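Trainee: Chains as they are written, first to last, in this note's numbering: chain A, 30 to 374; chain B, 2 to 293.
1. Can you grab the Cα-Cα spacing for the pair residue 122 of chain B / residue 138 of chain B, in whole Å?
2. Using Cβ-Cβ distances below 9 angstroms, what residues of the stretch 68-86 of chain A are close to chain B?
3. Residue 208 of chain B CB to nearest chain A CB: under 8 angstroms?
4. Specify, as a first and last residue, the run of the beta strand (DSSP E) that residue 180 of chain A falls within.
5. Step through the CB atoms of chain B and report whether any lies within less than 8 angstroms of the CB of residue 376 of chain A.
6. Along the chain, where does the alpha helix (DSSP H) containing residue 47 of chain A start, and where does it finish?
7. Under 8 angstroms between C-beta atoms, does residue 1 of chain B make it to chain A?
8. Could you please tell me which residues of the stretch 173-200 of chain B, in chain order, have their CB closer than 9 angstroms to any CB of chain A?
9. Kindly give me the distance between the Cβ atoms of residue 224 of chain B and residue 231 of chain B, rounded to whole angstroms, as I take these residues to be in contact under 8 angstroms.
10. Among residues of its own chain, excluding the 5 on either side of residue 41 of chain A, which ones have a beta-carbon nearer than 7 angstroms to its beta-carbon?
11. Using the three-state DSSP reduction, which class does residue 192 of chain A fall into: helix, strand or coil?
12. With a 10 Å radius around its C-beta and 16 neighbouring C-beta atoms as the bar for buried, classify residue 235 of chain B as buried or exposed.
13. Which residues does DSSP list as the beta-bridge partners of residue 149 of chain A?
14. Determine whether the beta carbon atoms of residue 291 of chain A and residue 311 of chain A lie at a separation below 8 angstroms.
15. Residues in the same chain with beta-carbon distance under 8 angstroms from residue 237 of chain A, minus the five sequence neighbours each way, listed in chain order, please.
16. Thinking C-alpha only, which one of B:152, B:144, B:238, B:175 is nearest residue 63 of chain B?
17. Taking only the alpha-carbon atoms, compute the straight-line gap between residue 71 of chain A and residue 179 of chain A and give it to the nearest angstrom.
18. Taking beta-carbon pairs under 8 angstroms, can you tell me which members of the stretch 297-317 of chain A lie near chain B?
19. What separation, rounded to the nearest whole angstrom, lies between the Cα atoms of residue 124 of chain A and residue 293 of chain A?
20. Tell me which same chain residues have a C-beta within less than 6 angstroms of the C-beta of residue 105 of chain A, skipping the five on either side of it?
21. Excluding five sequence neighbours on each side, which residues of the same chain lie with their C-beta closer than 7 angstroms to the C-beta of residue 34 of chain A?
22. Please list the residues of the stretch 319-331 of chain A that have a C-beta atom closer than 9 angstroms to any C-beta atom in chain B, keeping them in chain order.
23. Residues in the same chain with beta-carbon distance under 6 angstroms from residue 363 of chain A, minus the five sequence neighbours each way, listed in chain order, please.
24. For residue 81 of chain A, collect the residues of the same chain with a Cβ closer than 8 angstroms to its Cβ; drop the 5 residues on either side in sequence, then sort them by chain order.
25. Which class does residue 299 of chain A belong to by DSSP, given the choice of helix, strand or coil?
26. Leaving aside the five residues before and after residue 288 of chain B along the sequence, list all residues of the same chain whose C-beta is less than 8 angstroms from its C-beta, in chain order.
27. By Cβ distance below 7 angstroms, which residues in the same chain neighbour residue 47 of chain A in space, the five residues on each side in sequence not counted?
28. Can you find the residues in the same chain that come closer than 7 angstroms, C-beta to C-beta, to residue 2 of chain A, ignoring five residues on each side of it along the sequence?
29. At a CB distance below 9 angstroms, what residues from the stretch 137-171 of chain B approach chain A? Give them in sequence order.
30. Please list, in chain order, all residues of the same chain as residue 144 of chain A whose beta carbon is under 7 angstroms from its beta carbon, the five residues on each side excluded.
31. Can you give the beta carbon distance from residue 250 of chain A to residue 226 of chain A, rounded, assuming they're within the 8 angstroms contact cut?
32. Could you compute how far the alpha carbon of residue 174 of chain A sits from the alpha carbon of residue 297 of chain A?
33. If you draw a straight line from the alpha carbon of residue 129 of chain B to that of residue 156 of chain A, how long is it in whole angstroms?
34. Helix or strand or just coil, what does DSSP make of residue 230 of chain A?
35. Using Cβ-Cβ distances below 8 angstroms, what residues of the stretch 112-126 of chain A are close to chain B?
36. Can you pull the chain A residues whose beta carbon is under 7 angstroms from the beta carbon of residue 202 of chain B, in chain order?
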């Protein structure tokens, strides 16, 4: 296809990260940015004079100057932006949690599949070296039938009472620990184990936030007897960096994984995969594959490169489509429903 | 350009930072909870002949700097290599407040009235005239406060910032950063990056020199984008009279045995190594292996 012309919708923290990762790629030209803040627009215009700047995303999409967009607005704007992009035949990479309603997400997924447009959601853990290896190990079947799992995520994101302004303080707008952080843990479960059939025992708690939750825990069950839990707390000051952990117990072994290490316990050796009986430990330094340009972690670069590769026809399917985004939203909605239904008894 | 020290003592080991294992990071953070334990290690390193220290401007750096300032007579020839900013502080603020509000908070909160008046007169009410360079200078000054009074040789910009701006390809920010560090701090500007070959190319293209680039440099290519061969080639072709290269993560968080690690490093066209260690034996061993 030659040069892919890209527009960024929303130049906040993620918009800037994606801009920086994609801009050095030779077959990409970032031609336009839509951003509601005049301050950000004026700074960008001063240092990158060739770029087209828009206050309103609709004007950008109507200008006919982009092949693809990266959507980094607050989540409640994702649906109208992506809907319109689909109608204009523009490929879309959307930040997670995709949309705020799974029904809207499903509609967009159908639109994009129908038009043959590349569609991707930014659940970045799917591109992490360790979690990719974890999936490989699970698919090989060496730990036997999965029985139980727990998916956890902790961070010191909200560790003092916060003001309650902005989209992050409204669940309706896609803010709060469930949409912003637990969505990663849930998506990791969908990616590694599969989508749960039922959600039970959900509990939401507030620590410091005024209008949204800070801790969520829940239990997922599957028709085949598999069960697991998630626990996500973004008000945990003991963590210097956001940390994802997953533990998966099977009939023949066990996996413990986080972003930095992978431990595999096997009840019998597996010479084909060079794994011994007992514990096998891998660190990120054993598993990593370098990326062409690094800004915030290999996984951030890898997901965007795959998006462009898909548009170029060099990759068939990305690891996180709109359909995958919908699956995560459906579990999020089931958690809210489960909690509010049972807490009113 | 002025030569930097061949061996610089790093700080990751003190602050619970280990790229390979969170468990190991936690153990280290417990071990060094007490400032005295940190000072003991510095004393060992200095006793073995190291006289340059790289230190990130995180919450604990303040007490370390206070100690060295208060005992200046005992530590007269230490050269300091600060790195700024402490990125997690900003990451959390930006996540909560957004970018514009974060700048407001950083500039106006946690400062006394006279500080703010001083900054406004200097920055000319930066937030209203939208001058990103002036905002940058204010933030540099805020971060550099804890190092006041220490003998500063190089001021490094952390990789999260360097690489973000590098991706945007905004040469003015790099030029202004370098000029400001030279002028205001009488120090050599330094840039930490995970994309050394690309940064080196860009600096040459933009005509920026007399700087130090610090990047991961190790035998297994860990945290080296785009790949190890590009690093070897880029450093080989680099002229250290214009740009000096400092290697970090030489052991790749412990994945490479020291002998093998430095056998590789010693063959590269590198001017300096920053390493961290938390025992006398390891510091001594590393110092004996580095032959630049």
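For every residue, glycine included, the Cβ atom is placed at its ideal position computed from N, Cα and C. If you're wondering where the values come from, they're calculated on a predicted model, not measured in any experiment.
Mentor: Once the coordinates are examined:
1. With a pLDDT of 49 at residue 122 of chain B, under the threshold of 50, the predicted position of this residue should be treated as unreliable, though the coordinate-derived value follows. About 13 angstroms.
2. Among the residues of the stretch 68-86 of chain A, those with a Cβ less than 9 angstroms away from any Cβ of chain B are 68, 69, 71, 72, 73, 75, 76, 77, in the order of the chain.
3. At a cut-off of 8 angstroms between beta-carbon atoms, residue 208 of chain B makes no contact with chain A.
4. For residue 180 of chain A, the enclosing beta strand (DSSP E) has its first and last residue at 175-183.
5. Since the displayed chain A opens at 30 and closes at 374, residue 376 of chain A lies outside it and no answer follows.
6. Element bounds for residue 47 of chain A: 42-51.
7. No statement about residue 1 of chain B is possible, as the shown extent of chain B runs from 2 to 293 and does not include it.
8. Of all residues in the stretch 173-200 of chain B, 173, 174, 194, 195, 196, 199 have a Cβ within less than 9 angstroms of some Cβ in chain A.
9. At roughly 13 angstroms, the Cβ-Cβ gap does not stay under 8 angstroms, so residue 224 of chain B and residue 231 of chain B are not in contact.
10. Correct list, in chain order: 101.
11. Coil at residue 192 of chain A, not helix or strand.
12. Buried.
13. A:122, per the DSSP bridge assignment.
14. Yes; because the gap between Cβ atoms is below 8 angstroms, this pair is in contact.
15. Shown here for residue 237 of chain A: same chain residues with a beta carbon closer than 8 angstroms to its own, the five before and five after excluded, namely 187, 188, 189, 190, 191, 243, 264 in chain order.
16. Among B:152, B:144, B:238, B:175, the Cα nearest to that of residue 63 of chain B is on B:144.
17. Going from the Cα of residue 71 of chain A to the Cα of residue 179 of chain A covers about 46 angstroms.
18. Those would be 312, 313, 314, 315, 317, in chain order.
19. As the crow flies, the alpha-carbon of residue 124 of chain A is around 32 angstroms from that of residue 293 of chain A.
20. Excluding residues within five positions, the ones whose Cβ falls inside 6 angstroms are 129, 202, 203.
21. 58, 60, 94, 95, 96.
22. Those would be 319, 320, 321, 322, 323, 324, 325, 327, 330, in chain order.
23. These residues qualify, in order along the chain: 228.
24. Once the five neighbours on either side are set aside, the close Cβ partners of residue 81 of chain A are 60, 61, 62, 89, 92, 94.
25. Strand.
26. Excluding its 5 nearest sequence neighbours in each direction, residue 288 of chain B has C-beta neighbours in its own chain below 8 angstroms: 8, 49, 50, 51, listed in chain order.
27. Counting only Cβ-Cβ distances below 7 angstroms, and skipping sequence neighbours, we find 37, 99, 101, 333.
28. Within the shown structure, residues of chain A are numbered from 30 to 374, placing residue 2 of chain A beyond reach of any answer.
29. Under the 9 angstroms Cβ criterion, the stretch 137-171 of chain B contributes 160, 161, 164, 165, 166, 167, 168, 169, 170, 171.
30. For residue 144 of chain A, where only same-chain residues beyond five positions count, the Cβ hits under 7 angstroms are 115, 118.
31. Right, the Cβ-Cβ distance comes to about 6 angstroms (below 8 angstroms), so this counts as a contact.
32. So the two alpha carbons sit approximately 14 angstroms from each other.
33. For residue 129 of chain B, the pLDDT reaches just 46, beneath the cut-off of 50, and the residue's location in the model is therefore unreliable, although a value from the coordinates is still provided. Pairing residue 129 of chain B with residue 156 of chain A, the inter-Cα distance amounts to about 41 angstroms.
34. In this structure, residue 230 of chain A counts as strand in the three-state DSSP scheme.
35. Residues of the stretch 112-126 of chain A with a C-beta less than 8 angstroms from any C-beta of chain B: none at all.
36. Those within 7 angstroms of residue 202 of chain B in chain A number zero; the least Cβ separation is about 10 angstroms.
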